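K.L.:
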Amino acid sequence: MSDAIPLTEGVGARLPRKEDDRLMRGRGQYVGDLRLPGLQDVAFVRSPLAHARIRAIHVPDAYRDRVFTAADLTDVQPIRAVSGLPGFKVSEQPVLARDKVRQVGELLAICLAPTRAQAEDIAAAIVLDLEELPAVHCMLAAREPGSALVHEHWGDNVFLETLVDVNFSAALDAPIKVSRTISTGRQCMAPIEGRGTVVHLDHRMDQLVVHTASQMPHIVRNGLSECLGIEQGRLRIVSPDVGGGFGYKAILLPEDVCLAWLALRVGHPVRWLEDRREHLTANANCREHHYRITAYAERDGTLRGIDCEATVDSGAYSAYPFSACLEAAQVASILPGPYDFPAYRCRTWSVATNKCPILPYRGVARTGVCFAMELILDAVAAEAGLEPWTVRERNLVRPDQMPFDNITAKHFDSGDYPQALARVLKAIDVDAVRKRQQAGEADGRRIGLGLSIYCEQAAHGTSVYSGWGIPMVPGHEQAGARLTPDGGLELRIGAHSHGQGLETTLAQVAHEILGVPVARTRLVHGDTAMTPYSTGSWGSRVMVMAGGAVAAACRELADRALRIGAHLLQADPAACRFEAGRVVGPSGDVTLAQIAHTWYRRPQDLALDVNPGGLEVTAGYKPQRDSGTFSYAAHAAVVAVDPDLGAVEILDYCIVEDGGTLVNPLVVDGQIYGGLAQGIGTALYEEVRFDARGQPLASTFADYLLPGPAEVPEPRIDHMATPSPYTQFGVKGIGEGGAIAPPAALANAINDALRPLGVALLHSPVSQHRIVAAVLAARDAATAREAA
Amino acid sequence: MKPARFAYERPADLSALLDRLASAEGSVKLMAGGQSLGPMLNLRLVEPDLVLDITGIPELRRAAIEGDTLVLGACVTHADIEDGRVPDLTGGALARVAAAIAYRPVRNRGTLGGSLVHADPAADWVTSLIALGAEVELAARTGRRRLPVDAFVTGALDVALAPGEMLVSVRIPALPPGTAWGYVKHCAKIGEFAHAIGAVRIEPATGRARVVIGAIERAPLVVAEAARLFGGRIGPDFAERFDRAAADGVLREAGMTDAVDRHVHVTILARAVAQAARPAPSTRPVSEAA
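For the protein sequence lines, the chains are E and F, in the order given. Read in order, the letters of the first sequence are residues 12 to 799 in this note's numbering. Read in order, the letters of the second sequence are residues 54 to 343 in this note's numbering.
#1: Quick one, are the C-beta atoms of residue 273 of chain F and residue 143 of chain F less than 8 Å apart?
#2: According to DSSP, residue 251 of chain F sits in a beta bridge with which residue or residues?
#3: Just to confirm my understanding: we take residue 154 of chain E, look at its own chain, exclude 5 residues before and 5 after, and list those with CB closer than 8 Å. What are they?
#4: Beta-carbon of residue 287 of chain E versus every beta-carbon of chain F: anything under 8 Å?
#5: Considering only C-alpha positions, which residue in the set E:247, E:188 and E:205 is nearest to residue 215 of chain E?
#6: Could you tell me which residues DSSP pairs with residue 757 of chain E in its beta bridges?
#7: To the nearest angstrom, report how far apart residue 375 of chain E and residue 298 of chain E are at their CA atoms.
#8: Are the CB atoms of residue 593 of chain E and residue 543 of chain E within a distance shorter than 8 Å?
#9: So is residue 664 of chain E buried or exposed if we call it buried at 16+ other beta carbons inside 10 Å?
#10: Is residue 784 of chain E close to chain F, meaning its C-beta is less than 8 Å from at least one C-beta of that chain?
#11: Helix, strand or coil: how does DSSP classify residue 247 of chain E here?
#12: Does DSSP put residue 336 of chain F in a helix, in a strand, or in coil?
#13: Compare the C-beta of residue 800 of chain E against all C-beta atoms of chain F and say whether one is closer than 8 Å.
#14: Report the neighbours of residue 131 of chain F on chain E: residues whose CB is nearer than 9 Å to its CB, in chain order.
#15: Indicate the three-state DSSP secondary structure (helix, strand or coil) for residue 162 of chain E in the structure shown.
#16: In this structure, does DSSP put residue 523 of chain E in helix, strand or coil?
#17: May I ask which residues mark the beginning and end of the beta strand (DSSP E) holding residue 465 of chain E?
#18: Go through the segment 312-380 of chain E residue by residue and report every complete run of the alpha helix (DSSP H) that reaches 4 residues or more, in order.
#19: Give me the Cα-Cα distance between residue 325 of chain F and residue 150 of chain F, rounded to the nearest whole angstrom.
#20: Whole angstroms are fine: how far does the CA of residue 674 of chain E sit from the CA of residue 606 of chain E?
#21: Do you know how far the Cα of residue 107 of chain E is from the Cα of residue 73 of chain E?
#22: So, does the CB of residue 243 of chain F fall closer than 8 Å to a CB anywhere in chain E?
#23: So, is the C-beta of residue 74 of chain E closer than 8 Å to a C-beta in chain F?
#24: For chain E, find out if any of its Cβ atoms is closer than 8 Å to the Cβ of residue 332 of chain F; answer yes or no.
#25: Check whether the Cβ of residue 54 of chain F lies closer than 8 Å to any Cβ atom in chain E.
#26: With 8 Å as the threshold, decide whether the Cβ of residue 239 of chain F is near any Cβ in chain E.
#27: Taking Cβ to Cβ, would you say residue 89 of chain F is nearer than 8 Å to residue 173 of chain F?
#28: Going by the CB atoms, is the gap between residue 671 of chain E and residue 753 of chain E shorter than 8 Å?
#29: Is any beta-carbon of chain E found at less than 8 Å from that of residue 57 of chain F?
#30: What three-state label does DSSP hand residue 89 of chain E in the structure shown?
#31: Consider the Cβ of residue 57 of chain E: report whether some Cβ of chain F lies at a distance smaller than 8 Å.
#32: On the three-state DSSP scale, how would you describe residue 636 of chain E?
#33: Which of the residues in the segment 681-699 of chain E, read from start to end, lie with their CB under 9 Å from any CB of chain F?
#34: Taking residue 312 of chain E and residue 401 of chain E to be in contact with their CB atoms under 8 Å, please state how far apart those CB atoms are, rounded to whole angstroms.
#35: Between the segment 223-230 of chain E and the segment 244-261 of chain E, do three or more beta carbon pairs fall short of 8 Å?
#36: How would you label residue 715 of chain E, buried or exposed, when you count the other beta carbons within 10 angstroms and need 16 or more for buried?
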């Protein structure tokens, strides 16, 4: 990292984030910072049981006008997130449960009081009469005949089953066949800021104003409009500063609908701020995949084919807008990852259980897929007696194949995957690691090396999502650009920043074209009243899509400014050029500020045929191909494992990443650091386990462990930059990648360390307890073998 | 996660506090650093009628040496001990334990007395002070008494406080030269509650030892006849003589059925013994967490 002042502020500049001045000084404005006169707080009565019939909800007389149940919400529709994939079974997520509860934490009643503490007093006084039903707590058992049913009228517990088979039988005669059962634990997303919603009525605009921490305010407006049955014009969604999203804030929650309904009912501002217990037990669940996977290979490690049965625990309901099947159905299409092989079969099940709906977490299905694929590749290497990198070298998509359509018809736009692998092997110094490993450690710990490579399809658009048929299909992205009368710039986008630094990076995009200083460029976002429609910030799409739209708007603005400038210079526009914030003609130049001043303040100086659209533009953008950009990275980890305690220390971590053209490498580094921290959590610490009654066993951060500063090493990052041929500037989406590879890299490293002990750990998190249990089991097995 | 309603008072001296404690109706909780009580109030795991804040009482913050005993007031914080703001007779052992408690913000507010009275089995003072042979001094309006810490801590989150009684100070005997001390804990990550604690105070010259296994689901386990962990005899070669199988047997007898748990506890105890055999470090962290 360099402290030098950047020479340019445009695309590629390593610029510190301008929003950090307020965010790091505690001056951010989050939903929880809103103060409105007459505001009252909501606490919810939530189901203590995973599966039960509701006999009655007894509300004490003293609280009758402060408590609202499903009986009051007669005019509210349930949340429906339907997928158009054939065979998808529809769940209706009630805003307040009416007949049955299907997960711990499901909403039963709204309690309203001047303070949250008083609202919790009311909630504590409400008596529930519930008839407990057998809970569906295991996704594998849920598929068996005779299982209890989450949605009785379905007849089974399967949201959706899919099958992909591409010439699979051709792989069957391969000399190496390795099968493993690999799984990932259920996690919570745990952004620093939880969810929160404040709603008030704006009588002047005749609008319900919903302030909510959201990644996609326009999609929230769609969903609320459908549930409440009120026209979109009467809804304004404002998402202020957002303290981390990671997918959790890309969901319409029943809580949001309740709050909007409640504000209409009571007429004064109402607020719900999620607490950590609600967050952990009732809402922010993600991951939980199960793979039975078989790799077929030649003895030199060349893959002949992959066969997989993947099950995803989708929880009780289909979450809006991504649906209950996006995760599992995606598994089938993205499991091949960056590898090229000729035969493939993958069957998937999205299974309903009595748990929270599974929500898309940074990397979505990719983290689980990468875990399964990279672990099975290491198993192939072990079986073939090869180094893990050899197997990867043999199977990675090659640069001469680009652009490349893989076995599931994913279109790789560009890249040099073998080079990323070669660079990361050099960076981590595999020979030195192997030597140290053989020498052994004085303290008895064991050294291991792990690799993981992924590709991340980002900013995939209409052609991909229309196939899923979910309530949200991205089309063209739009951006507004307006010069102010004094030559500043305002940008408007419908996506939203939840920590990515868009206020800086989109200003850099604009600077590249218009030359307006980043400090004089303001980003307006997070408000449906002030921004163009957008599906929002998800799928690592914003720099590609909103960045492209900002560039398009700025180009149009530059063209209009050029024509005004040429008139002021009394020159032919064809003889003028736009350069670094000014229009340069044959005999002089004029600045953007002068041009803006002329348009707004001295229109008498404009040409008669001036473009009446002036210096305000809304432009739309879609890449040439909208099948998505493919960024990728190779991760390499060196760990020291204490086999007696299960403690894992990360000694070294190297990442070679290719995100195409980087608008701001400093921001990309930050994305990778954050993603790595989350990936370490997935790999080693984070898990919500459930008992047989469907009770979540982690309800505080004492039970749900997140990595802290001491657990997250500073990685060594090397950037490659292969531009995408399809996007503005050649950028690719990179937002999620940092979180995808670490679980596999770390599990592979731990297994590399413990393989001589006969240990293989195939479930994330690879917790200390699991490591010790596996080491002891392997010792017992070895003892038994010796005895026999 | 907001507390139920409670009354709050902050007495200015000990006799006023003891009077209030004796006279109060309903349930009362004393609050010192609030590092455990705060979350418990917010989670409504406790809903006292009255919270008595004891941090305004100077006597409870006092630290003094009385002969060969270090006396620390109940409201002395972990950070006070970590930073050396109170005297020491343990050759730095207390400071090393304090420095690895939770995180610095917790250590800034959390107190010695509060930790003992809360008696979380995974907390550091409960186990380490039993190994050091410390006593607590308890006060009520009717008088004072002293108890060894292992008699005071009667179970997980359970202590021998009578109604109207409170802990006012902790009395820690000096660790004489030639006494070996080892304290090791195992956490899932730095700052978390321990999953296993081993604390040993060994006098190779006299053959006496106090061996304590902590972070189990009850009060710390003081190993009776510690010599059996060392092949029947404790001498200068105690580290080489440590017998893992004997330690495993102690845990089996104590009812620890999970083999993984036993393995981790035995490993941590072995490492505490090994640490005791090494020269005392000055500021070595005591956590074995990754």
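Each residue gets a CB set at the ideal place from its N, CA and C atoms; glycine is no exception. Everything numeric in this text was worked out from a predicted model, so none of it was measured.
P.N.:
This is what the structure gives:
#1: no
#2: F:237 and F:266
#3: 167, 168, 169, 322, 360 and 362
#4: yes
#5: E:247
#6: BP columns for residue 757 of chain E are empty, so no partner.
#7: 7 Å
#8: no
#9: buried
#10: yes
#11: strand
#12: Annotation note: pLDDT 49 at residue 336 of chain F (below 50); position unreliable, coordinate value reported separately. Note: residue 336 of chain F maps to coil in three-state DSSP.
#13: Since the first and last residues shown for chain E are 12 and 799, residue 800 of chain E lies out of range.
#14: What residue 131 of chain F touches in chain E: nothing, since even the nearest Cβ is about 18 Å away.
#15: coil
#16: helix
#17: 457-469
#18: 337-345
#19: 13 Å
#20: 28 Å
#21: 21 Å
#22: yes
#23: no
#24: no
#25: yes
#26: yes
#27: yes
#28: no
#29: yes
#30: coil
#31: no
#32: coil
#33: 695 and 696
#34: 6 Å
#35: yes
#36: buried
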